[in-house]
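Peer 1:
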Amino acid sequence: MKNTLYLILFFVISPCISTKAQGLLQEKNNFTRQDTLRGSITPEREWWDLSYYHLDIKVNPEQKTISGTNTIQYTVLKPNQVLQIDLQEPLVLTKVTQNNKELEIKHDGNAHFVTLKDQQKIGATNSVIAYYEGKPREAVRAPWDGGISWKKDKNGNHFIASSCQGLGASVWWPNKDHMYDEVDSMDISVTIPKGLMNVSNGRLKNIIDNKDETITTNWHVANPINNYGVNINIGDYANFSEVFKGEKGDLDMNYYVLKDNLEKAKTHFKDAPKMMKAFEHWFGPYPFYEDSFKLVEVPYLGMEHQSSVTYGNKYMNGYLGSDLSGTGWGLKFDFIIIHEAGHEWFANNITNVDIADMWIHESFTAYSESLFLDYYYGKQASSEYVIGTRRGIQNDRPLIGQYNVNNEGSGDMYYKGANMLHTLRQLVNDDEKWRQILRTLNSKFYHQTVTTQQIENCLAEESGLDLKEIFNQYLRTTKIPVLEYQVEGKKLHYKWTNTVKDFVMPIKIEVNGINHWITPSKEYQTLKLKSKDSNIKVDNNFYVNVKAL
Ligand SMILES: [Zn+2]
Numbered sequence: 087m088k089n090t091l092y093l094i095l096f097f098v099i100s101p102c103i104s105t106k107a108q109g110l111l112q113e114k115n116n117f118t119r120q121d122t123l124r125g126s127i128t129p130e131r132e133w134w135d136l137s138y139y140h141l142d143i144k145v146n147p148e149q150k151t152i153s154g155t156n157t158i159q160y161t162v163l164k165p166n167q168v169l170q171i172d173l174q175e176p177l178v179l180t181k182v183t184q185n186n187k188e189l190e191i192k193h194d195g196n197a198h199f200v201t202l203k204d205q206q207k208i209g210a211t212n213s214v215i216a217y218y219e220g221k222p223r224e225a226v227r228a229p230w231d232g233g234i235s236w237k238k239d240k241n242g243n244h245f246i247a248s249s250c251q252g253l254g255a256s257v258w259w260p261n262k263d264h265m266y267d268e269v270d271s272m273d274i275s276v277t278i279p280k281g282l283m284n285v286s287n288g289r290l291k292n293i294i295d296n297k298d299e300t301i302t303t304n305w306h307v308a309n310p311i312n313n314y315g316v317n318i319n320i321g322d323y324a325n326f327s328e329v330f331k332g333e334k335g336d337l338d339m340n341y342y343v344l345k346d347n348l349e350k351a352k353t354h355f356k357d358a359p360k361m362m363k364a365f366e367h368w369f370g371p372y373p374f375y376e377d378s379f380k381l382v383e384v385p386y387l388g389m390e391h392q393s394s395v396t397y398g399n400k401y402m403n404g405y406l407g408s409d410l411s412g413t414g415w416g417l418k419f420d421f422i423i424i425h426e427a428g429h430e431w432f433a434n435n436i437t438n439v440d441i442a443d444m445w446i447h448e449s450f451t452a453y454s455e456s457l458f459l460d461y462y463y464g465k466q467a468s469s470e471y472v473i474g475t476r477r478g479i480q481n482d483r484p485l486i487g488q489y490n491v492n493n494e495g496s497g498d499m500y501y502k503g504a505n506m507l508h509t510l511r512q513l514v515n516d517d518e519k520w521r522q523i524l525r526t527l528n529s530k531f532y533h534q535t536v537t538t539q540q541i542e543n544c545l546a547e548e549s550g551l552d553l554k555e556i557f558n559q560y561l562r563t564t565k566i567p568v569l570e571y572q573v574e575g576k577k578l579h580y581k582w583t584n585t586v587k588d589f590v591m592p593i594k595i596e597v598n599g600i601n602h603w604i605t606p607s608k609e610y611q612t613l614k615l616k617s618k619d620s621n622i623k624v625d626n627n628f629y630v631n632v633k634a635l
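The numbering of the sequence shown is the working numbering, which starts it at 87 and goes up by one.
1) Use the C-beta contact count for Asp-420: other C-beta atoms within 10 angstroms, 16 or more gives buried, fewer gives exposed.
2) Measuring only the C-alpha atoms, how far is Leu-169 from Glu-299?
3) Going residue by residue through the region 540-623, where are the continuous alpha helix (DSSP H) segments of at least 4 residues, counting only ones entirely within it?
4) If you draw a straight line from the alpha carbon of Ser-617 to that of Trp-431, how long is it in whole angstroms?
5) Excluding the five sequence neighbours on either side, which residues of its own chain have a C-beta within less than 7 Å of the C-beta of Met-361, listed in chain order?
6) How should Asn-284 be labelled, buried or exposed, when 16 other C-beta atoms within 10 angstroms of its C-beta is the threshold for buried?
7) Using a Cβ-Cβ cutoff of less than 6 Å, which residues in the same chain neighbour Gly-398 once the five nearest sequence positions on both sides are dropped?
8) By alpha-carbon positions, which one of Leu-561, Ile-523 and Ser-468 ends up nearest to Ile-486?
9) Are the beta-carbon atoms of Ile-215 and Glu-224 separated by less than 8 Å?
10) Go through its chain and collect everything with a Cβ distance to Ile-208's Cβ below 8 Å, but skip five positions before and after it.
11) Does the beta-carbon of Glu-448, which I'm using as the reference point, lie nearer than 7 Å to any heavy atom of ligand 1?
12) Buried or exposed: which applies to Asp-346, given that a residue is buried once 16 or more other Cβ atoms fall within 10 Å of its Cβ?
13) Leaving out five residues before and five after Trp-236 in sequence, what residues of the same chain have Cβ atoms less than 8 Å from its Cβ?
14) Please determine if the region 451-467 and the region 409-418 are in contact, where contact requires at least 3 C-beta pairs separated by less than 8 Å.
15) Confirm the yes/no value for this check: CB of His-391, any heavy atom of ligand 1, distance under 7 Å.
16) Under 8 Å by Cβ, that's how I've got Phe-326 and Lys-350 pegged, so tell me the actual separation to the nearest angstrom.
17) Is Lys-262 closer than 8 Å to Leu-179 when the C-beta atoms are compared?
18) Can you list, in chain order, the residues of its chain whose CB lies under 6 Å from that of Asn-304, leaving out five sequence neighbours each side?
19) For Ser-454, collect the residues of the same chain with a Cβ closer than 8 Å to its Cβ; drop the 5 residues on either side in sequence, then sort them by chain order.
20) Ignoring anything shorter than 3 residues, give me the beta strand (DSSP E) runs that lie fully in the region 382-428, in order along the chain.
21) So Tyr-500 packs on Ala-442, CB below 8 Å; how close in whole Å?
22) Using 10 angstroms around the beta-carbon of Asp-619, count the other beta-carbons present and answer buried if the total reaches 16, otherwise exposed.
23) What are the boundary residues of the beta strand (DSSP E) that Thr-128 is part of?
24) Distance check for Tyr-218 and Ser-153, CA to CA, integer angstroms please.
25) Can you find a heavy atom of ligand 1 that lies under 7 Å from the Cβ of Thr-451?
26) What did DSSP end up calling Asn-528 once you bin it into helix, strand or coil?
27) Along the chain, where does the beta strand (DSSP E) that runs through Phe-245 open and close?
28) What do you get for Ser-529, buried or exposed, if any count of 16 or more other CB atoms within 10 angstroms of its CB means buried?
29) Which whole-angstrom value is the C-beta distance of Leu-282 and Ile-318, which I expect to be below 8 Å?
30) Would you kindly check if the distance between the Cβ of Ser-256 and the Cβ of Pro-229 is under 8 Å?
31) Report all residues from its chain with a CB closer than 6 Å to the CB of Val-630; omit the five preceding and five following residues, and keep chain order.
32) If I measure Cβ to Cβ from Tyr-138 and keep anything under 6 Å in the same chain, skipping five residues before and after, which residues do I get?
33) For Trp-236, list the residues DSSP reports as bridge partners.
34) When you compare each of Ala-634, Thr-277, Leu-578 and Leu-406 to Val-145 by their alpha carbons, which one comes out closest?
35) Opposite Ala-216 in the DSSP bridges: which residues?
36) Among residues of its own chain, excluding the 5 on either side of Gln-31, which ones have a beta-carbon nearer than 6 Å to its beta-carbon?
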């Protein structure tokens, strides 16, 4: 009974920043034309390469409306005269221009096909300006369902934030809404009522007083940024900052919190520099020094917005005060600070091309929680934590979703993925080498969008191990390998069952207190034992099931 309650509690709280997976999108099997337009690299997308956005909008909190423009600059890769812009209903794309000429738009649901008048010469850098307005979809359960949260703080001030992972940034601004292509830099201008502040990504260039009871905050992002990482956060903010002495020199760390929470935040946010130290150690330099690092309080739980990580964990340790691992270790840190900032390396630096491969974001980031513990509390703590999180694994669907239809894989991409990586660490069997592999991923794929295959290849090359069937097993099936063994006198017989074809994976066992590596396959093999009645223990760091016959 106790266990049942415990598990129910876990699953209620566990849709960690996790199953923001948006239930609906995630469960769906019948994909529509709209899903294909949203999730594939259509002919009207592939011919142009994004270089720059200037999002320039006015937010009206009383009306709950947004209006403005996005200037979309791109390089022409191949001849084509039709360009796809995404903007989700009920927002309206009112006009698109190029070189001051208004263009014809063919609207197809949330995809808008714009016919260009000027010839698109290969290699040329062109731009279009997309005009839009309306009432964007309101987020009901941010960040899981996405949209704009129009809230108020307890003093009655507007407290507004965007969140759009999975659903896509086109829920609140027009863009090329596919993960494969990112701009190289971006400007974000947001006009809001005087008395409020807007915090977006990158650095604050200036704040303009418009003399009409509004201000415009101008932010500049100097690095490639994915669409869902772009955000607005509007509130009655106080801020404080510090300089972190990092691997690439001085890193500005800025914190924006509701004025009432300033003192609390000054103590609680000490996890932020601690996080930075641990993650630079494991993953290499923070990937966006030019843009600074910010933690920004929001009226929802939090999200990995690039260089502007949003925070709503109520100044508590754990996940809203709970330990997802059940080991106690999860209460040693603020889950949202650690997890969402971990995404700066895996999601913002290394970004999946297709969200079917979102395990690249979530598995490494879920694993980063245990690496944070490893840095401050040691390997034992780290292992206990990651093993503890197995209680949340459902093995309902594979980690990889369906390609080209904007479909995420199972929510197991968090803790099953983390346990797969923890298993790989055992196979590498050299913690310094393992750390260098994690750093290599971040340097090799610096500011890039990647596929699962690229990550698989890199891990295999750097470790020198054949990992093909191991990835097939853990990423593409819901089956957990079972180590089946039987002691017969002075012989130990063992093999893998419940595996993909050709699955071979070494594993560490303890026989009477002494470690042995064995390499089971699908056929029984035998290890000679020194004595009868040997005590056999399988190393629990490997995410496998064990069946003693
Ligand atoms: Zn995450």
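Cβ atoms here follow ideal geometry from the backbone N, Cα and C, with glycine treated the same way.
Quantities reported herein were computed from a predicted structural model and do not represent experimental measurements.
Peer 2: Quick look at the numbers:
1) Walking along the sequence shown from the start, residue 420 turns up at place 334. Classification of Asp-420: buried, given that the 10 Å Cβ count is 16 or more.
2) On the sequence shown, residue 169 is found 83 positions in, with the first residue counted as 1. On the sequence shown, residue 299 is found 213 positions in, with the first residue counted as 1. Using only the alpha carbons, I get a separation of about 37 Å.
3) 554-562
4) In the sequence shown, residue 617 corresponds to position 531, counting from 1. In the sequence shown, residue 431 corresponds to position 345, counting from 1. If you take the alpha carbons of Ser-617 and Trp-431, they lie about 49 Å apart.
5) The count along the sequence shown starts at 1 and reaches residue 361 at position 275. Here the set comprises Ile-423, Ile-424, Ala-427 and Phe-458.
6) Here residue 284 refers to the residue found at position 198 of the sequence shown. Answer is buried; the Cβ neighbour count reaches 16.
7) Along the sequence shown, one-based indexing puts residue 398 at 312. Taken in chain order, the residues that qualify are Val-384, Tyr-386, Leu-387 and Gly-388.
8) Position 400 of the sequence shown, counted from the start, is the residue given in the question as residue 486. Per the Cα distances, Leu-561.
9) Looking up residue 215 in the sequence shown gives position 129. Looking up residue 224 in the sequence shown gives position 138. Cβ atoms of Ile-215 and Glu-224: not closer than 8 Å.
10) Here the question's residue 208 lines up with position 122 in the sequence shown. Within the same chain, Ile-208 has close Cβ partners Val-162, Leu-163, Lys-164 and Pro-165.
11) Locating residue 448 in the sequence shown gives position 362, where the first residue counts as 1. Answer for Glu-448: yes, Cβ within range of ligand 1.
12) Your numbering for residue 346 matches position 260 in the sequence shown. That one is exposed.
13) Taking the sequence shown and counting its residues from 1, the one referred to as residue 236 is at position 150. So the qualifying residues of the chain are Pro-147, Lys-150, Glu-224, His-244 and Ile-246.
14) yes
15) Indexing the sequence shown from 1 puts residue 391 at position 305. Answer for His-391: no, Cβ out of range of ligand 1.
16) Position 240 of the sequence shown, counting from 1, holds the residue named residue 326. Position 264 of the sequence shown, counting from 1, holds the residue named residue 350. With 8 Å as the limit, Phe-326 and Lys-350 do not qualify as a contact, their Cβ atoms being about 12 Å apart.
17) Looking up residue 179 in the sequence shown gives position 93. Looking up residue 262 in the sequence shown gives position 176. Not a contact, by the Cβ cut-off of 8 Å.
18) The residue given as residue 304 occupies position 218 in the sequence shown. If we look at Asn-304 and ignore the five residues flanking it on each side, its Cβ neighbours are Ser-275, Lys-291 and Asn-292.
19) Locating residue 454 in the sequence shown gives position 368, counting from the first residue. Closer than 8 Å at Cβ, skipping near neighbours: Phe-365, Trp-368, Phe-369, Ile-424, His-425, Gly-428, Trp-431 and Phe-432.
20) 395-397
21) Position 414 of the sequence shown holds residue 500. Position 356 of the sequence shown holds residue 442. Contact flag wrong, Cβ pair sits at about 16 Å.
22) Within the sequence shown, residue 619 is the residue found at index 533, counting from 1. That one is exposed.
23) Translated into positions along the sequence shown, residue 128 becomes position 42. Here Thr-128 belongs to no beta strand (DSSP E), and DSSP marks it neither H nor E.
24) Start at 1 with the first residue of the sequence shown, and residue 153 comes out as number 67. Start at 1 with the first residue of the sequence shown, and residue 218 comes out as number 132. Near 6 Å, if we compare the C-alpha coordinates of Tyr-218 and Ser-153.
25) In the sequence shown, residue 451 corresponds to position 365, counting from 1. Thr-451: yes, Cβ under 7 Å from ligand 1.
26) In the sequence shown, residue 528 corresponds to position 442, counting from 1. Of the three classes helix, strand and coil, the one that applies to Asn-528 here is helix, per DSSP.
27) Residue numbering aside, residue 245 sits at position 159 when the sequence shown is read from its first letter. It spans 244-249 - the beta strand (DSSP E) in which Phe-245 sits, taken as one unbroken run.
28) Here residue 529 is taken as the residue at index 443 of the sequence shown, counted from 1. With fewer than 16 Cβ atoms within 10 Å of its Cβ, Ser-529 is classed as exposed.
29) In the sequence shown, counting from the first residue as 1, residue 282 sits at position 196. In the sequence shown, counting from the first residue as 1, residue 318 sits at position 232. At roughly 11 Å, the Cβ-Cβ gap does not stay under 8 Å, so Leu-282 and Ile-318 are not in contact.
30) For the purposes of this step, residue 229 is identified with residue 143 of the sequence shown, where counting begins at 1. For the purposes of this step, residue 256 is identified with residue 170 of the sequence shown, where counting begins at 1. No, the pair does not count as a contact, with Cβ atoms beyond the cut-off.
31) If you number the sequence shown from 1, residue 630 lands on position 544. Closer than 6 Å at the Cβ level, and outside the excluded window around Val-630, lie Pro-567 and Leu-569.
32) By one-based count along the sequence shown, residue 138 stands at place 52. Closer than 6 Å at Cβ, skipping near neighbours: Gln-159, Val-269 and Ser-271.
33) Translated into positions along the sequence shown, residue 236 becomes position 150. Beta-bridge pairing links Trp-236 to Ile-246.
34) For the purposes of this step, residue 145 is taken as the residue at position 59 of the sequence shown. Answer by Cα proximity: Thr-277.
35) In the sequence shown, counting from the first residue as 1, residue 216 sits at position 130. DSSP lists Asn-156 and Val-182 as partners of Ala-216.
36) One cannot answer for residue 31 here, as it falls past the ends of the chain, which runs 87 to 635.
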